[in-house]
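Going left to right, the sequence shown walks through residues 1 to 434 as the UniProt record's numbering numbers them.
Glycine included, every Cβ here is placed at the ideal spot set by N, Cα and C.
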Amino acid sequence: MAGTMQRWNKIFWWLIYAAIALLVIHFSYGGSDAVTQWLSIILLSVVIYIIYKNDEFKRASFFVTASVPYILVSLLVYFIKAIDPSLYTNWETWLEAATSFSVIWGFGTWLTNRRQRNELAKAREKAINEEKNNRIMAEMKSQLEVQVAQRTSELTKQKEELEHALIELKSTQSQLIQAEKMASLGELTAGIAHEIQNPLNFVNNFSEVNNELIGELKSEWLKPEQERDKTLEQELLDDISQNLDKINYHGKRADAIVKGMLQHSRISTGQKDPTDINALADEYLRLSYHGLRAKNKNFNATIKTDFDTTIGEINIVAQDVGRVLLNLINNAFYAVNEKFRGLKDGSSYEPTVSVSTRKIDQSVEIIVEDNGDGMPSELRDKIFQPFFTTKPTGEGTGLGLSISYDIIKAHGGEIRVESSQGNGSKFVITLPIK
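What follows is the structure, given as structure tokens:
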């Protein structure tokens, strides 16, 4: 069926081309060749008939509009010539003009149709291209959606893995922080024992004295009324009362030391409370010093303090800041001790660690300074990195200064180090007062 239609389509267009060719031949002879004219009219009529009878050729309907005026004018001219030649002679000019106009009309209609068909072809091509582009875009969109879905699935999986890793990391971090805390508590043990021993000695001594005074008082009370020395009794009672006050004071002192040790070992609640920063620094300085002395009886160091009494209390997490101070002071004593051990006998070196505070506008500075060996700039730049330590393997976790840095940052402050090789180190903590 398709082959037959294609054959008829060729015949149809050959008829059109033949009719046009006959018209060209006819007009090339000045329009006097009646045979070519009639043949062209017949062919044109056949073409028009085919167009109207067959829907497949409706697209050539423009040919009807183009050729009908010429056919009608040609038939009119023929009949006028045949019926009344004189009338034709009178109207010849007008009839020739009509014939020329019909030819021009046909040619113009063809040009117009050709232009329209070209525009339609361009529009169709554009529509086809747009449809093709839309199809390509749809395919790309579909592929992109698949890729996005795959990537989203991968990212979701990675997110879950990272969240799991983060949970494990936080758990490990908490364990490391607790291990560091217990390590520093272990270093404090000897110092705490020494600090507790002093008030306990006072308690024991004053208790023994009170026992003796009570014995004397009992002896006085056993005497007859007239032989008792009222003045002595009052003096004994006053001494006993004073000793009890001292026992109470030193008992509270021992209790405070134990509570401080327990507080240091607990997990921080993060609650800030008004704290005497001078007292806190002084307490950890003494605890650290006595702890080092207990481990090394040959070590001795000069301790210097210079506390600004105008500071008063500031809002901090005492447990956390105390841990920072303990870490810095322990490091300072370690530095001067290492330098002392490395020197030859007879050296005039005097190990010195100083702790000072000062108020600057709305902030407080706590300075921990030593006269140890110091550190070069390449080490100073790494000092606050996790797991970085200048101590030999087994003597430090490398977390102390990193944790200290995080604690001070969490308080809205800063910590910095000033040090150079051979000139000791100075750590400066800056904390806001409010």
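In the DSSP output, which residue or residues are listed as bridge partners for residue i?
| i | result |
| --- | --- |
| Val417 | Phe427 |
| Ser356 | Asp306 and Ile367 |
| residue 457 | Residue 457 is absent from the structure shown; the chain starts at 1 and stops at 434. |
| Ile314 | Thr275 |
Taking all protein chains shown into account, decide if residue i is buried (16 or more other Cβ within 10 angstroms of its Cβ) or exposed.
| i | result |
| --- | --- |
| Phe107 | exposed |
| Met137 | exposed |
| Phe333 | buried |
| Ala318 | buried |
| Met375 | buried |
| Thr231 | exposed |
| His164 | exposed |
| Ala335 | buried |
| Gly400 | buried |
| Thr112 | exposed |
| Thr152 | exposed |
| Lys339 | buried |
| Arg323 | buried |
| Asp238 | exposed |
| Asp255 | exposed |
| Asn337 | buried |
| Phe387 | exposed |
| Ala351 | First, the residue type needs correcting, since residue 351 is Pro and not Ala in the sequence shown. Looking at its Cβ environment, which holds 16 or more other Cβ atoms inside 10 Å, Pro351 is buried. |
| Gly312 | exposed |
| Thr357 | buried |
| Ser219 | exposed |
| Ile214 | exposed |
| Leu144 | exposed |
| Glu283 | buried |
| Pro199 | buried |
| Asp306 | exposed |
| Val148 | exposed |
| Ile240 | buried |
Counting along the chain, where does the alpha helix (DSSP H) carrying residue i start and finish?
| i | result |
| --- | --- |
| residue 438 | With the chain represented from 1 up to 434, any question about residue 438 goes unanswered, as that position is not in the structure. |
Under a three-way DSSP split, which group does residue i fall into?
| i | result |
| --- | --- |
| Thr275 | strand |
| Thr305 | strand |
| Ile367 | strand |
| Arg253 | helix |
| Pro432 | strand |
| Lys297 | coil |
| Arg228 | coil |
| Ile383 | coil |
| Glu208 | helix |
| Lys223 | coil |
| residue 438 | Outside the shown range of the chain (1 to 434) lies residue 438, about which nothing can therefore be said. |
| Lys122 | helix |
| Gly270 | coil |
| Thr389 | coil |
| Gly215 | helix |
| Gly291 | helix |
| Gln362 | coil |
| Asp373 | coil |
| Asp84 | coil |
Give the range of the beta strand (DSSP E) segment to which residue i is assigned.
| i | result |
| --- | --- |
| Ile407 | Segment Gly400 to Ala410 is the alpha helix (DSSP H) holding Ile407; no beta strand (DSSP E) there. |
| Arg380 | Arg380 -> not in any beta strand (DSSP E); alpha helix (DSSP H) instead, spanning Ser377 to Arg380. |
Quick one: does the C-beta of residue i sit closer than 6 Å to a heavy atom of the ligand MG?
| i | result |
| --- | --- |
| Glu418 | Although the ligand MG was asked about, the structure shown includes no ligands whatsoever. |
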